[in-house]
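Below is one structure, written out as structure tokens; the observations come after it.
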Amino acid sequence: MAVNKCIKYLLFFFNLLFWLSGCIILGVGIYLKVSKGGNQITNESLPGIDLMIAIGVIIMVLGFLGCCGAIRENRCMLLLFFIFLLLIFILLLAAGILGAVDESKVNNWVKERLNGFTPLSAQPQAVRDDLEKLQRELKCCGLLNGPSDWEKIPDSCRCNSTIADCKSSAIYQEPCATKIISLMEKNMEIVLGIAFAIAILLIFGMVFSMILYCQIGRKEAVGTTNNP
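Numbering (the UniProt record's numbering), first residue to last: 1 to 228.
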């Protein structure tokens, strides 16, 4: 029994695109890590750049396994490809359910990570500089408790009393942890949409790889029967 060439080359090109997307994600992640330096506060609460690099590497490895397995009709590579896709699909599903159903756990996790930076007065100057930069960008003050997190309130906490987020004291009262969590919640729908799209691609990849895996097995079985 011959292997379906359409499925074989469709899986190959699917994984070639998969591999290229992994290269792009990895390249962007390394560029941001090296050139931007990052902010220690946001890196701790939202380790996006490191996660991006890890995802890029994983996608590259999977794309390579899928391409080689498809073009060489290697059952071992196809089986590894299928297993890894299944594991990623399960993890993605679990993360999506956790993020959509139990947001409180995610919020508590962020606060626990940020709690490691308190008291602010005991932190290195680099960490305090990063927090001040974050305060200017998000229009907040302190990490978990507001201005009381600081022994001496820095200028980055001060604001113009004419703007909405500024109180009569001319100091931002909302802690940055609240702002970070709010940003997460606003972007949750986008993240879930992307996760859903990736899940669909994973399902197609698993279906095509398993079809090809079975066809190669039947082909090998027929060849063994005809050549005792």
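We put the beta carbon where it would ideally sit given N, CA and C, even for glycine.
Keep in mind that this is a model prediction, so the values were computed, not measured.
Burial state of residue i (16 or more Cβ within 10 Å)
i: S182; result: exposed
i: W150; result: buried
i: K5; result: exposed
i: A177; result: buried
i: S134; result: Here residue 134 is Leu; the residue named in the question, Ser, does not match the sequence. Burial call: buried.
i: I90; result: exposed
i: D130; result: buried
i: K179; result: buried
Sub-8 Å separation of residue i and residue j beta-carbons
i: C166; j: C141; result: no
i: I58; j: S21; result: no
i: Q123; j: F117; result: yes
i: L120; j: R113; result: no
i: I198; j: L92; result: yes
i: L85; j: M184; result: no
i: residue 298; j: F208; result: The structure shown does not extend to residue 298, since the chain is modelled only from 1 through 228, so no value can be given for it.
Rounded separation between residue i and residue j - CA only
i: I200; j: L62; result: 16 Å
i: K36; j: K111; result: With a pLDDT of 48 at K36, under the threshold of 50, the modelled position of that residue is not reliable, and no figure is offered here.
i: C23; j: L65; result: 14 Å
i: K186; j: L138; result: 14 Å
i: P175; j: P147; result: 7 Å
i: I203; j: N115; result: 39 Å
i: A94; j: Y9; result: 32 Å
i: I53; j: I88; result: 16 Å
i: S169; j: N160; result: 10 Å
Heavy atom of the ligand NAP within 7 Å of residue i beta-carbon
i: F14; result: Annotation note on the ligand NAP: not contained in the displayed structure, which lists no ligands.
Cutoff 8 Å: residue i Cβ touching any chain B Cβ
i: S209; result: The structure shown contains no chain B; it holds only a single protein chain.
Are the segment 69 to 79 and the segment 209 to 224 touching by the rule of at least three beta carbon pairs closer than 8 Å?
In this structure the segment 69 to 79 lies against the segment 209 to 224, because at least three pairs of beta carbons, one per stretch, are closer than 8 Å.
Three Cβ pairs or more, each shorter than 8 Å: is that satisfied between the segment 70 to 89 and the segment 17 to 34?
By the Cβ test, the segment 70 to 89 is not in contact with the segment 17 to 34, since fewer than three Cβ pairs between them sit closer than 8 Å.
Of all the alpha helix (DSSP H) runs that stay within the bounds of the segment 101 to 160, which reach a length of 4 or more residues?
Here the runs fully enclosed are 103 to 115 and 125 to 138.
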